[in-house]
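Protein chains in written order, with this note's numbering: chain A, 1 to 304; chain B, 1 to 138. Structure, as structure tokens:
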Amino acid sequence: MPPRDGLSAAPAAGEPLDLQAAYRDSHVGEVLDSLDRELIGLAPVKSRIRDIAALLLIDKLRRAVGLSSGPPALHMSFTGNPGTGKTTVAMRMAEILHRLGYVRKGHLIAVTRDDLVGQYIGHTAPKTREVLKKAMGGVLFIDEAYYLYRPENERDYGQEAIEILLQVMENQRDDLVVILAGYKDRMETFFRSNPGMSSRIAHHIDFPDYTPGELLAIARLMLEQMQYRVSGEGSEALREYIEKRRAQPHFANARSIRNALDRARLRQASRLFERIGGAISRQDLQTIEESDIRASRVFREQHD
Amino acid sequence: MRVTQGTFSFLPDLTDAQIARQIEYCLGNGWAVSVEYTDDPHPRNTYWEMFGTPMFDIRDAAGVMTEVNACRKTFPNHYIKLNAFDSTRGRESLRLSFIIGRPATEPGFGLLREEGPGRSVRYTTRAYATERPEGERY
Chain A
1 MPPRDGLSAA PAAGEPLDLQ AAYRDSHVGE VLDSLDRELI GLAPVKSRIR DIAALLLIDK
61 LRRAVGLSSG PPALHMSFTG NPGTGKTTVA MRMAEILHRL GYVRKGHLIA VTRDDLVGQY
121 IGHTAPKTRE VLKKAMGGVL FIDEAYYLYR PENERDYGQE AIEILLQVME NQRDDLVVIL
181 AGYKDRMETF FRSNPGMSSR IAHHIDFPDY TPGELLAIAR LMLEQMQYRV SGEGSEALRE
241 YIEKRRAQPH FANARSIRNA LDRARLRQAS RLFERIGGAI SRQDLQTIEE SDIRASRVFR
301 EQHD
Chain B
1 MRVTQGTFSF LPDLTDAQIA RQIEYCLGNG WAVSVEYTDD PHPRNTYWEM FGTPMFDIRD
61 AAGVMTEVNA CRKTFPNHYI KLNAFDSTRG RESLRLSFII GRPATEPGFG LLREEGPGRS
121 VRYTTRAYAT ERPEGERY
């Protein structure tokens, strides 16, 4: 792809190159800004995307002075606890890589084991190849990738799907980006039993659990997107709720927050319904009060 | 004798890169691409067989090219062509159809004359390849 930016004439050796102009003319700035705005936390992910974006710019400069520049290996693996944003980021990654110019079409095909593995001999290869054909030019996202490999069942055809994937990941690197995702310990087992897969993945990114501050910011963002607001005392109650809930078992990070907000909406709706016949303003419809949050079981169990 | 059926048939064989660009053009217009093959080169043969299914959901030429290469490997000595189908309302027909693979030698066609009543003559073409059974023609 010939560079279409401020680097039309190749500068002489030793002459300073205009990185500023290249940065301006690419879309890198907007991509990174929108990422910072729309995703809370996720520092390792954002730093890796920044690195990839920087490589894109430097590649452009290299091409302008006549040096070779090949696209980097882009296959990725996302590991982390439930609700840490793996699927969300994978969806965004297709768009990001497309805007950076590394992926031709930028569509995302999300599959799990059932879409790749067949039920009888000869079923797996066509199934996997169909999925790969659809994903060419975009990103293939395989959720819960460790289910592909089931060593305890010898009639399992997951290994065949893995082999086809490995071949395509190696030979058609320019056509397809593969992102695997799953829980950390099980992905580690999967990679240990499939060293070929592990070595083809250039970016192993771990999604850390969110801090309480980040969870509160996520809650605010979700409320804003749902066109709700929370009152001052409610905000304080939310902060306390998050701290208490984090300590309890089965905490699923952002997903738990979303569920909690949905329950708060239910309580708000019930509370407003009880005032039926009275006046309800637009403000009332939009506001989540402290009582809607304090009614949660999380606060009550403290007294057991 | 090179069969000149379909678009680009008077040009030398298209390279893979050129074929991919044509496919990109078709996909960019939202047309569905399919691959067909036959070993009967008669110009009135409209019954080419489709390899696989019409690719309505493929977004990129690389996906179509894997299907093309699979067809070439399975039928190295058949004619292979690409069709692009436009499904917009009111059109619903082929927009582009070009041959991308040929057998190594193409024997060509002969003219058949049939005398009718009153010494009238009816003409038709006959493909030399179809003198042999299907599968043994090239």
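Cβ atoms here follow ideal geometry from the backbone N, Cα and C, with glycine treated the same way.
>> Check whether chain B comes within 7 angstroms of A/H98, counting only Cβ atoms and requiring the distance to be less than that.
In response: One-based indexing of the first sequence puts residue 98 of chain A at position 98. No, no contact with chain B.
> Taking the runs of the beta strand (DSSP E) that are 3 residues or longer, which of them lie wholly in the region 88-116 of chain A?
Replying inline: 108-111
> Measuring CB to CB, does A/V111 end up less than 7 angstroms from A/V45?
Replying inline: Numbered from 1 along the first sequence, position 111 holds the residue referred to as residue 111 of chain A. Numbered from 1 along the first sequence, position 45 holds the residue referred to as residue 45 of chain A. Contact: no.
> By a C-beta neighbour count over all protein chains shown, 10 Å radius and 16 as the cutoff for buried, is B/D12 buried or exposed?
Replying inline: Residue mapping note: residue 12 of chain B aligns to position 12 of the second sequence, counting from 1. First, the residue type needs correcting, since residue 12 of chain B is Pro and not Asp in the sequence shown. Exposed, because fewer than 16 other Cβ atoms sit within 10 Å of the Cβ of B/P12.
> So A/G85 and A/A254 are in contact, right, with Cβ under 8 angstroms, and what is the actual spacing, rounded?
Replying inline: Here residue 85 of chain A is taken as the residue at index 85 of the first sequence, counted from 1. Here residue 254 of chain A is taken as the residue at index 254 of the first sequence, counted from 1. Right, their Cβ atoms sit about 6 angstroms apart.
> For the region 100-114 of chain A, which residues have a beta carbon sitting closer than 7 angstroms to at least one beta carbon of chain B?
Replying inline: R104, K105 and H107
> A/P2 CB to nearest chain B CB: under 7 angstroms?
Replying inline: On the first sequence, residue 2 of chain A is found 2 positions in, with the first residue counted as 1. Its pLDDT being 47, under 50, A/P2 is placed unreliably in this model, and the value from its coordinates should be taken loosely. Chain B contact via Cβ: absent.
> the region 13-47 of chain A: which residues have C-beta closer than 7 angstroms to a C-beta of chain B, in chain order?
Replying inline: none
> Mapping DSSP to helix, strand and coil, what is A/P44?
Replying inline: Your numbering for residue 44 of chain A matches position 44 in the first sequence. Note: A/P44 maps to helix in three-state DSSP.
> Skipping 5 residues on each side, what residues in its chain have a beta carbon closer than 6 angstroms to that of A/A73?
Replying inline: Residue numbering aside, residue 73 of chain A sits at position 73 when the first sequence is read from its first letter. Taken in chain order, the residues that qualify are A202.
>> For a cutoff of 7 angstroms on Cβ pairs, would you count A/G122 as touching chain B?
In response: What you label residue 122 of chain A is simply residue 122 of the first sequence in a count that begins at 1. No, because no Cβ of chain B sits closer than 7 angstroms to the Cβ of A/G122.
> Where does A/Q94 land, buried or exposed, given buried means 16+ other C-beta within 10 angstroms?
Replying inline: Your numbering for residue 94 of chain A matches position 94 in the first sequence. It should be noted that the sequence gives Ala, not Gln, for residue 94 of chain A. Label assigned to A/A94: buried.
> Using a Cβ-Cβ cut-off of 8 angstroms (strictly less than) and excluding sequence neighbours within five positions of A/I96, which residues of its own chain qualify?
Replying inline: In the first sequence, counting from the first residue as 1, residue 96 of chain A sits at position 96. Excluding residues within five positions, the ones whose Cβ falls inside 8 angstroms are V31, L35 and I49.
> Does DSSP classify A/R245 as helix, strand or coil?
Replying inline: The count along the first sequence starts at 1 and reaches residue 245 of chain A at position 245. Residue state, collapsed to three classes: helix.
> If the cut is a Cβ gap below 8 angstroms, which residues of chain A does B/D57 touch?
Replying inline: Taking the first residue of the second sequence as position 1, residue 57 of chain B is located at position 57. Ordered by position in chain A, the residues that pass the 8 angstroms Cβ test against B/D57 are K134.
> Which residue's Cα is closest to the Cα of B/R137: B/R21, B/K73, B/E92 and B/T38?
Replying inline: The sequence position of residue 137 of chain B within the second sequence is 137, counting from 1. Among B/R21, B/K73, B/E92 and B/T38, the Cα nearest to that of B/R137 is on B/T38.
> Which residue comes first and which comes last in the alpha helix (DSSP H) that contains A/R300?
Replying inline: Position 300 of the first sequence holds residue 300 of chain A. Start and end: R297 to R300.
>> Only counting the same chain, and skipping five residues up and downstream in sequence, which positions put a Cβ closer than 8 angstroms to that of A/I280?
In response: As a working note, residue 280 of chain A is residue 280 in the first sequence. L272.
>> I'd like to know if A/G137 contacts chain B, where contact means its C-beta is closer than 7 angstroms to some C-beta of that chain.
In response: Here residue 137 of chain A refers to the residue found at position 137 of the first sequence. With 7 angstroms as the cut-off, A/G137 counts as an interface residue toward chain B.
> With C-beta atoms as the reference, is A/L166 less than 7 angstroms away from A/G196?
Replying inline: Within the first sequence, the letter at position 166 stands for residue 166 of chain A. Within the first sequence, the letter at position 196 stands for residue 196 of chain A. In this structure, A/G196 lies closer than 7 angstroms to A/L166 by Cβ.
> Which of the three DSSP states, helix, strand or coil, is assigned to A/I288?
Replying inline: Position 288 of the first sequence, counted from the start, is the residue given in the question as residue 288 of chain A. Here A/I288 sits in strand by DSSP.
> How would you write the range of the beta strand (DSSP E) that B/S34 sits in, first residue to last?
Replying inline: Residue 34 of chain B sits at position 34 when you count from the first residue of the second sequence. Looking at the DSSP string, the run of the beta strand (DSSP E) that includes B/S34 is A32 to T38.
> What does DSSP give as the partner residues of B/E49 in its beta bridges?
Replying inline: Position 49 of the second sequence holds residue 49 of chain B. Bridge partners of B/E49: B/Y37.
> Nearest-angstrom Cα distance between B/E24 and B/A61?
Replying inline: By 1-based counting over the second sequence, the position of residue 24 of chain B is 24. By 1-based counting over the second sequence, the position of residue 61 of chain B is 61. Cα to Cα, B/E24 sits roughly 6 angstroms from B/A61.
> Three-state secondary structure (DSSP) at B/R102?
Replying inline: The residue you call residue 102 of chain B lines up with position 102 of the second sequence. Residue state, collapsed to three classes: coil.
> Can you name the residues of chain A whose CB is closer than 8 angstroms to the CB of B/T66?
Replying inline: Position 66 of the second sequence holds residue 66 of chain B. Correct list: R129, L132, K133 and M136.
>> Within 10 Å of its beta-carbon, does A/N194 have 16 or more other beta-carbons around it, so buried, or fewer, so exposed?
In response: For this step, residue 194 of chain A is matched to residue 194 along the first sequence. It counts as buried.
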